[in-house]
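Some notes on the structure that comes next.
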Amino acid sequence: MSQRSFELPVLGRPAPVDHAAAAAAFNADVARTDWHDDALWFVREKRDRAAALVPDWEDLRERASAIKEHALSHLDEYLVQFEANALANGMQVHWARDADEHNRIVLRILSDVGARRLVKSKSMLTEECGLNPYLEANGIEVVDSDLGERIVQLRKEGPSHIVMPAIHLTKEEVGETFHEHLGTPAGLSEPIALAGVAREHLRERFLAADATLTGMNFAVAETGGFVVCTNEGNADLGMALAPVHIASVGIEKVIPRAEDLAVFLRLLARSATGQAVTVYTTHVHGPRDGQALHVVLVDNGRTKQLAREEFWGSLKCIRCGACMNTCPIYRRSGGHSYGSTVPGPIGSVLTPGLDLERYASLPFASTLCGSCTAVCPVKIDLDGQLFRWRQRVIEAGYTSTTKTLSIKASVKLFDRPGLFRVAGALARFGLKIMPRSVARFVAGPWGRARDVPPAPGQSFRAWYRKNRGERS
Amino acid sequence: MSVKEARDAILHAVRAARPPAVAMPVARATPVATADAQPSMLDAFVDASTAAGAAVVLGERRDIARLVTGGVADAANVLSTVSEVRATVELASDPHALDSLELFVCSGTLGVAENGAIWLATSDMMQRAALFLATHVAIVVDAASIVPTLHEAYARIDIRAHPFGVFVAGPSKTADIEQSLVIGAHGPKELTVIVIGASALQTP
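Going down the list, the protein sequences come from chains A and B. One rule links them: number in the numbering used here = place in the first sequence (from 1) + 892. One rule links them: number in the numbering used here = place in the second sequence (from 1) + 30.
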């Protein structure tokens, strides 16, 4: 039902993602689609309750947005400041222009110390870079330690959500995966028991790790440190035990000051899961005694997005996932349908910037209802950006011939009042004589799940003339 | 591949891409916390910490040993940075040695009323590992140290003072299997928060 979110290098261009087709496949199981929808809506409601308890919530959102806009509009200065302070704190700083360069840097750090076993905590950036298959192809054992990520890793899938990687799976499916890979009894699907087995299994990996890799939620320019948020404590166990720590981060994650953390942290967990704060909010400002701490700053398309006047605001994202939980399309199509590391509304505005032709269908995976924009803690105008990406897709000619032709036909129709009147009369007549099933067929995808309303007796124009006089 | 080459290329690309400058918002007006607000902040802290899954107990410094051992009275492997609780294991030089630690007792710098988090910071790598390897963690925090929100917390702490600092709110947990809450994911399965000095707070 799913595929890994990265692609191994292949010759030629990868096939474009067809979100509508993937969503249709997901929807084939109606009960499961409802279950997935409910699971995400449950998280959305928790977010609402948590946000309502903070009296200055809207002020925080304004502030968070403004701080990010300030940081992004001075990003070179803050990157240089972060680098200088991180170096002074005893970290080693690397720069990677793209995914390939990032992966080679990580492999070199590991190879230089002969590390074979890497334990990772959640990092969407390394998913984006396809780090795991690259390292595995080079003889490194890679273990994802976040429980949800470990589950999908064992199943050879990618995460379907950036905060809840295994939200698409039932406990029975997790039980089967653990039975196959971790030797739990067949049929065991009780979450507490399964999590207990995962704890033992992963504790061994933590103790045996030669190196650990974490992401960063925030990098702080003023102090040269970074913040990692988890509930499980997995990033912390990795950092506390392994002799080598690599922290990979997209360049857009740099914020100016320590005090700004208060603004973002009050918003992040409440928006993500409805918690007041994550269990662990860890601040790292240097290596432990004897540990090597490497920071890898990664561009991989971010400077291109920053240069796009219409879309640079998407880089404000703090990866809470609230836009996914609220999105009626995401909830009913599942994260894998986007074929992108980051799914949902934010993925659909970030990913087209990487390869517009391949991800041309994503800006259309939306009803433009704007719910994503309403919940976004950093006030990204997600629905506006989705709409603008649609225009870029049409301009580039990456839409289907049917869509292009029907849009062209609509333009002609709406441009000619006489033709419009004739078409209206024909449609009213047609709807009267057509059987419902034929009418639904003619209505196209719109009619698949809806009945077509009965035709009105007259046009609006005729009604207006009759009731409002001859002014038109 | 030169490090400087990648660095310069990225910084050059950022400079070329910079959106029009947006000013940093003016600092948030923080209400001045008064001493008579402290008891209600303590209540909020206890509620938030309990909601995060911690067992919160109130007492005095002299009671710490009794309050800590209440839940894990027969713990054989104990590490403590609090003088009232005696450690039974010696600090080794390798954090891996703490894998079988049953109880770790330490002191927090301050508590946050709004979310129940406690700030801990250390340069000691053994204490850092103990916080995540121990099955049961107990943190002592002074009632007078509780601040309303993270804004006041960051105004009081220096995150750069130690290589490691953390806000802790509750025991480790996961909801990655069908959104079912499971306490004790990788780190401690239980967190006891001992709030001392509550009786000394001025009552409104």
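Every residue, glycine too, gets a C-beta built ideally from N, C-alpha and C. This structure is a prediction, so every number in the text was calculated from the model and none was measured.
Apart from sequence neighbours up to five positions away, the residues of its chain that approach B:Gly-217 with a beta-carbon distance below 6 Å are Phe-162, Ser-202, ordered along the chain. Chain B has no Cβ within less than 8 Å of the Cβ of A:Asp-1273. Close partners of B:Leu-231 in chain A (Cβ separation under 7 Å) are lacking, with about 22 Å as the shortest Cβ gap. Cβ atoms of B:Leu-221 and B:Gly-200 come within 8 Å of each other, at about 6 Å.
Annotation for B:Val-212: Thr-204 place their beta carbon closer than 6 Å to its own, counting only its chain and skipping 5 residues before and after. Counted as a single uninterrupted DSSP element, the beta strand (DSSP E) harbouring A:Trp-987 occupies residues 984-988. Taken through DSSP and simplified to helix, strand or coil, A:Cys-1209 comes out as coil. Less than 8 Å separates the beta-carbon of A:Leu-1061 from that of A:Ile-1043. In the same chain as A:Asp-1102, and ignoring 5 residues on each side of it, the C-beta atoms closer than 8 Å to its own belong to Leu-1002, Val-1005, Gly-1006, Ala-1007, Arg-1008, Arg-1009, Leu-1010, Ala-1134, Pro-1135, Val-1136, in chain order.
In this structure A:Cys-1209 touches A:Val-1270 by the C-beta definition: roughly 7 Å separates them, less than 8 Å. Within chain A, Leu-1099, Leu-1133 have C-beta atoms less than 8 Å from the C-beta of B:His-126, given in sequence order.
A:Gly-1142 has A:Val-1190 as its beta-bridge partners, per DSSP. Taking C-beta separations shorter than 7 Å and ignoring five residues to either side along the sequence, the partners of A:Ala-1100 in its chain run Arg-1009, following chain order. At least one C-beta of chain B is nearer than 8 Å to the C-beta of A:Met-1056. If you draw a straight line from the Cα of B:Lys-219 to the Cα of B:Leu-41, it comes to about 45 Å. Runs of the beta strand (DSSP E) spanning 3 or more residues and lying entirely within the segment 50-116 of chain B occur at 85-89, 108-110, in chain order.
Contact between the segment 1266-1286 of chain A and the segment 1236-1247 of chain A is present: 3 or more CB-CB pairs across the two stretches fall below 8 Å.
By the 16-neighbour rule on beta-carbons within 10 angstroms, B:His-126 is exposed. A straight line joining the alpha-carbon of A:Lys-1014 with that of A:Ser-1052 spans about 13 Å. Residue pairing by DSSP places A:Lys-1358 opposite no residue, since no beta bridge is assigned to it. For A:Ile-1001, the closest Cβ of chain B is not nearer than 8 Å.
Interface with chain A (8 Å Cβ-Cβ cutoff): B:Arg-186 is excluded. Using a Cβ-Cβ cut-off of 9 Å, A:Lys-1063 is close to Ile-207, Glu-208, Ser-210 of chain B, given in chain order.
Residue range 1263-1267 is occupied by the alpha helix (DSSP H) that includes A:Cys-1264.
According to the DSSP secondary-structure assignment, A:His-1175 is paired through a beta bridge with A:Val-1119, B:Gly-195. Among the residues facing chain B, A:Trp-933 is not included, as its CB has no counterpart in that chain under 8 Å away.
Within chain A, the residues Asp-968, Leu-971, Val-972 have their CB atoms less than 8 Å from the CB of B:Leu-41, given in chain order. DSSP lists no beta-bridge partner residue for A:Asp-948. Against chain A, the CB of B:Pro-55 has a partner CB under 8 Å away; the residue lies at that interface. Per DSSP, the continuous alpha helix (DSSP H) segment holding B:Phe-162 begins and ends at 155-163.
Between the segment 172-186 of chain B and the segment 1144-1160 of chain A there are three or more C-beta pairs closer than 8 Å, enough to call the two in contact. If you look at A:Ile-1001, you'll find it in the alpha helix (DSSP H) that goes 991-1004.
Uninterrupted alpha helix (DSSP H) stretches at least 4 residues long and entirely within the segment 1010-1058 of chain A occur at 1016-1021, 1023-1029, 1039-1046, given in chain order. Interface with chain A (8 Å Cβ-Cβ cutoff): B:Glu-144 is included. Of all residues in the segment 1083-1116 of chain A, those with a C-beta nearer than 9 Å to a C-beta of chain B are Pro-1083, Ile-1084, Leu-1086, Ala-1087, Gly-1088, Ala-1090, Arg-1091, Leu-1094, Arg-1095, Phe-1098, Leu-1099, Val-1112, Glu-1114, Thr-1115, Gly-1116, reading in chain order.
Any Cβ of chain B closer than 8 Å to the Cβ of A:Ser-1225 would place that residue at the interface, and such an atom is absent.
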